[in-house]
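Okay, so here's the structure we're looking at.
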Amino acid sequence: MKELIIATKNEGKVKEFRDMFSKYGVQIKSLLDFDEEIEDIEEYGTTFEQNAAIKAEAISTEYNVPVLADDSGLEIDGLNGAPGVYSARYAGEEKDDQKNIEKVLSELKDSTEEARAARFVCAAAVARPGNDTFIKKGFCEGRITLDQRGENGFGYDPIFVPEGSNRTLAEHTPEEKNSISHRKHAILQLEEWIKEQAEME
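To convert a position in the sequence shown, counted from 1, into our numbering, add 5.
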């Protein structure tokens, strides 16, 4: 496999994948590299794996090329795994990080420390024409705080403290966060697979 499409319009994410896969001779392109505008794909799945596969398979089928897509979010034990696949729109149809944070803090205001156990989850799917879709998952375990802290990051980072730390992800530098993130762990598993593919060719 010499070329892989990353199903995203996020340049930062594309750079991360490009840097990682370049040593294996895999050329990375994003949805921004297509001549025509690629419409957003409806994510109707009920799991991260399903949503990642839906995105990857839709574009792979349309253009007959290998495609990688990921889906991620936050799971909280005391909320029975919510917000889960609805993480980005937990407080409403419009994406609003602050409202999502406020909703989570409100729902956990009287909860135990055990109920605040949480994890970020990332599912990364690779769809290839004529082959089964390949999926790997990465996790970042931690807990939800009583209030938000920090200015870095995005999403739920200001209320999530990763295991082994007393700082929220929003209090970590981008480099620190990237070294322990759920996406990083999923990517490391993908890297092993890409390496195997390169050795087989």
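Using N, Cα and C, we set each Cβ at its ideal position, and we do this for glycine too.
| Item | Value |
| --- | --- |
| For the beta strand (DSSP E) that contains Val5, what are its first and last residues? | A query on residue 5 cannot be resolved here, the shown segment of the chain reaching from 6 to 206 and no further. |
| With a cut-off of 8 Å on the beta carbons, I'd call Phe165 and Ile185 a contact; round off their distance for me. | Not confirmed; about 11 Å, so no contact. |
| DSSP beta-bridge partners for Ile149? | Phe165 |
| For Ala61, which three-state DSSP category applies? | helix |
| Tell me the DSSP secondary structure of Arg133 in three-state form. | coil |
| With DSSP run on the structure shown, which of helix, strand or coil describes Phe139? | strand |
| Output needed for Leu36: all residues of its chain with C-beta closer than 7 Å, excluding positions within five of it in sequence on either side, in chain order. | Ala12, Thr13, Lys14 and Ile43 |
| Which one of Thr51, Ser116 and Ile33 has the shortest CA to CA distance from Gly83? | Ser116 |
| Rank Glu21, Glu16, Ile10 and Glu8 by C-alpha distance to the C-alpha of Ala191 and give the top, closest one. | Glu21 |
| Within 7 Å of any Cβ in chain C, is that where the Cβ of Leu73 sits? | Looking for chain C here will not work: only one protein chain is present. |
| Measure the Cβ-Cβ separation of Glu156 and Met25 and say whether it is below 7 Å. | no |
| Report yes or no: do three or more beta-carbon pairs, one from the stretch 132-142 and one from the stretch 55-63, lie closer than 8 Å? | yes |
| When the Cβ atoms of the stretch 117-133 are set against those of the stretch 79-93, are three or more pairs found closer than 8 Å? | yes |
| Just how far apart, CA to CA, sit Val90 and Ser170? | 26 Å |
| To the nearest whole angstrom, what separates the beta carbons of Leu113 and Ser92, a pair I think is in contact under 8 Å? | That pair is no contact at about 15 Å. |
| On the CB-based measure, 16 or more other CB atoms within 10 Å of its CB, does Thr178 come out buried or exposed? | exposed |
| Is the beta carbon of Ala61 sitting closer than 7 Å to the one on Ala132? | yes |
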